[in-house]
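Trainee:
There are 2 protein chains.
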Amino acid sequence: MKIAFIGLGVMGFPMAGHLANAGHDVTVFNRTTEKALLWVKTYPGSATSTPADAADGCDMVFICVGNDDDLRAVVLENIGALAGMKPNSILVDHTTASAEIARELHAACLQKSIEFIDAPVSGGQQGAENGQLTIMCGGNEDTYKKAAPVMNCYAKKTCLLGPTGSGQLTKMVNQVCIAGLIQGLAEGLQFAENAGLDVHKVVEVISQGAAQSWQMDNRHDTMIKGKYEHGFAVDWMRKDLAICLDEAKRNGSKLPVADLVDQFYAEVQDDGGGRWDTSSLKVRLK
Amino acid sequence: MKIAFIGLGVMGFPMAGHLANAGHDVTVFNRTTEKALLWVKTYPGSATSTPADAADGCDMVFICVGNDDDLRAVVLENIGALAGMKPNSILVDHTTASAEIARELHAACLQKSIEFIDAPVSGGQQGAENGQLTIMCGGNEDTYKKAAPVMNCYAKKTCLLGPTGSGQLTKMVNQVCIAGLIQGLAEGLQFAENAGLDVHKVVEVISQGAAQSWQMDNRHDTMIKGKYEHGFAVDWMRKDLAICLDEAKRNGSKLPVADLVDQFYAEVQDDGGGRWDTSSLKVRLK
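Which chain is which? The protein sequence lines are A and B, in order.
Once you know that position 256 of the first sequence is 256 in the numbering used here, the rest is easy, because the numbers rise by one and skip nothing.
Once you know that position 158 of the second sequence is 158 in the numbering used here, the rest is easy, because the numbers rise by one and skip nothing.
1) Can you have a look at residue 88 of chain A and say buried or exposed, based on whether 16 or more other CB atoms are within 10 angstroms of its CB?
2) Considering only the alpha carbon of each residue, which of A:172, A:261, A:28, A:188 lies closest to residue 206 of chain A?
3) In the segment 229-246 of chain A, which residues sit with their C-beta less than 9 angstroms from some C-beta in chain B, listed in chain order?
4) Among A:249, A:9, A:19, A:68, which has the Cα closest to the Cα of residue 2 of chain A?
5) I'd like to know if residue 204 of chain B contacts chain A, where contact means its C-beta is closer than 8 angstroms to some C-beta of that chain.
6) If I follow the unbroken alpha helix (DSSP H) through residue 198 of chain B, where does it start and stop?
7) Check the Cβ of residue 214 of chain A against every Cβ in chain B and list those closer than 8 angstroms, keeping chain order.
8) Kindly list the residues whose CB is nearer than 6 angstroms to the CB of residue 155 of chain B, restricted to its own chain and excluding five residues on each side of it in sequence; keep chain order.
9) Look at residue 157 of chain B and residue 208 of chain A and say whether their C-beta atoms are less than 8 angstroms apart.
10) Taking the alpha carbon of residue 182 of chain B as the reference point, which residue from B:53, B:224, B:29 has its own alpha carbon closest?
11) Going along the segment 129-141 of chain A in order, which residues come within less than 7 angstroms of chain B, judged by CB to CB distance?
12) Does the beta-carbon distance from residue 4 of chain B to residue 55 of chain B come in below 8 angstroms?
13) If we cut at 8 angstroms on Cβ distances, does residue 95 of chain A have a partner in chain B?
14) Around the Cβ of residue 242 of chain A, are there at least 16 other Cβ atoms within 10 angstroms (buried) or fewer (exposed)?
15) With H, G and I counted as helix, E and B as strand and the rest as coil, what does DSSP make of residue 109 of chain B?
16) Does the CB of residue 275 of chain A have a neighbour CB from chain B at under 8 angstroms?
17) With DSSP collapsed to three states, give me the class of residue 2 of chain B.
18) Interface residues of chain A around residue 98 of chain B at Cβ under 7 angstroms?
19) How long is the line joining the alpha carbons of residue 80 of chain B and residue 22 of chain B, rounded to whole angstroms?
20) What are the boundary residues of the beta strand (DSSP E) that residue 97 of chain B is part of?
21) Find the residues of chain B that neighbour residue 266 of chain A, judging by a C-beta separation of less than 8 angstroms, and give them in chain order.
22) Would you kindly work out how many angstroms separate the C-alpha atoms of residue 52 of chain B and residue 68 of chain B, rounded to a whole number?
23) The beta strand (DSSP E) that contains residue 133 of chain B, what's its start and end?
24) Starting from residue 16 of chain A, follow the alpha helix (DSSP H) in both directions and report where the run begins and ends.
25) Note the first and the last residue of the continuous alpha helix (DSSP H) segment covering residue 64 of chain A.
26) Could you compute how far the alpha carbon of residue 74 of chain B sits from the alpha carbon of residue 120 of chain B?
27) Starting from the beta carbon of residue 194 of chain B, find every residue of chain A whose beta carbon is closer than 7 angstroms, and list them in chain order.
28) Are residue 124 of chain B and residue 230 of chain B closer than 8 angstroms when you measure CB to CB?
29) Using a threshold of 8 angstroms, state whether the C-beta atoms of residue 95 of chain B and residue 64 of chain B are closer than that.
30) For residue 256 of chain A, go through chain B and note every residue whose CB falls closer than 7 angstroms to its CB, in chain order.
31) What span of residues does the alpha helix (DSSP H) with residue 115 of chain A cover, start to end?
32) Here's the rule I'm using: 16 or more other beta-carbon atoms within 10 Å means buried, otherwise exposed. How should residue 267 of chain A be labelled?
33) Reducing DSSP to helix, strand and coil, say where residue 122 of chain B ends up.
34) With DSSP collapsed to three states, give me the class of residue 29 of chain B.
35) Using only alpha-carbon positions, find the residue among A:39, A:90, A:44 that is nearest to residue 58 of chain A.
36) Provide the residue span of the alpha helix (DSSP H) that contains residue 162 of chain B, from first to last.
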């Protein structure tokens, strides 16, 4: 299949690689050309100097960029992907962005008889590298059925959650759950340390029961050590939480703890930790 | 082994039953006599009218009551357990209480050459009934080694965390982690509902990754349905969080989210939900 992949960040770079390794004819575009050149050296495939050129004549175009404005730039502008895409092709957006931009992109695609899926992912850099991402999709079922087998090149699970925007809304639920969860864990671990307990032993016991979480199982050790190198950065989490808090105002949800944790992440940024991973909340509590 | 069990609440009742069913010679005491009589009808064993009488001549005395003051009453007062216990016997306290009362009871035991273990449990009513509790112990290793095989009648895991009080401190870590975790989950589920998503589908997807927790796996369905009948009540959680927040002041920990969630639980109580289980935070967010 002829595929374009736009956005070669820590996620997009290996994701595009999985597509190329699976035998697809992949053309990439990245805003900074260096990464596109590195990608071409690493994987079978080619690079272009505009999204429109990358998308030209493709059956599917995948995007994984930073935020709503980046999406408008690489999709909707003169040299954006839509300018190159052909009718009946499919645009899949892996960016974590707002539900509105998903609807906006979908509407623009409809004008050109192009199909659209919003498809934010979870699983982090490691999941992208191992091809073990979870993909939360919004769109119509026919389009999803065509896109899912291709996404499976880098997914352990894909799911259609509902109409356009549902993928983004589901990713927001994910981030809201994580915010409270990590803060609770950070408070607990810090309490354990201050109480003079052997924190590893404590986790060994309490992870057997109702306090267990993926974060407890996979992050307690690095949180205790103050190592925050797990990829998904505080800067990105703040972008995601801003989207969540904005959408919550719209749909009438109250997110008091997500709001508070967002403020704690702002403090981590103030301390120069914007690139630390999301488990770095602990550092706020010493 | 000759054993006394003091406190036949939703936890103590089946725990004492497991000891009796395992062949131990069990005598029970409960403040309200009705439950003691029901216990004697249900399990092989006898009941007495004071803790001292129950503890008389026992090798081990187990306690599972409500709070620090209850403990002082059933252990330290004239007709308390210590008045009946013999030297070299062991007192095991399963109450979730403060680390101070653990040290206080330990000091009192020492005066009479009695050994002491603080041993709060997790696993809830169901864990007590199925004999699948997790037991967090504080005390010295020799005492623990003698007590653990007996506690295994109702435990899936027991662990010695450190000196007297360490069991209570570990239980506090557990409750602090749970507070943030449930609130994050409650906010996420409520956001999902308000966004018009199929909440079950959302959980199916996000529970595959970094948002996963025991609470998500085991409570999302009843939270969505607004059914809060899982035993461990908001009233008890508030008692536990009060102990945590008090200890945090002492050891210099900051627990901003545990503190906030405690206030939300107070609102649940105000709405008549004191006996609902701890997942009822969701109801605050509609």
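Where a beta carbon is used, it is the ideal one built from N, C-alpha and C, also for glycine.
Mentor: If we stick to the structure as given:
1) exposed
2) A:188
3) 232, 244
4) A:19
5) yes
6) No alpha helix (DSSP H) holds residue 198 of chain B; DSSP gives it neither H nor E.
7) 209, 210, 211, 212, 213
8) 133, 135
9) yes
10) B:224
11) 134, 136
12) yes
13) no
14) exposed
15) helix
16) no
17) strand
18) Per Cβ cutoff of 7 angstroms: no residues; residue 98 of chain B is ~12 angstroms from chain A at best.
19) 26 angstroms
20) Run containing residue 97 of chain B: none; DSSP gives neither H nor E here.
21) Going along chain B, no residue has its Cβ under 8 angstroms from residue 266 of chain A, so there is no contact; the nearest lies around 14 angstroms.
22) 18 angstroms
23) 133-138
24) 12-21
25) Residue 64 of chain A -> no alpha helix (DSSP H), and no H or E assigned at all.
26) 17 angstroms
27) 251, 252, 253
28) yes
29) yes
30) 260
31) Residue 115 of chain A -> not in any alpha helix (DSSP H); beta strand (DSSP E) instead, spanning 115-118.
32) exposed
33) strand
34) strand
35) A:90
36) Per DSSP, residue 162 of chain B belongs to no alpha helix (DSSP H); it is in the beta strand (DSSP E), 155-162.
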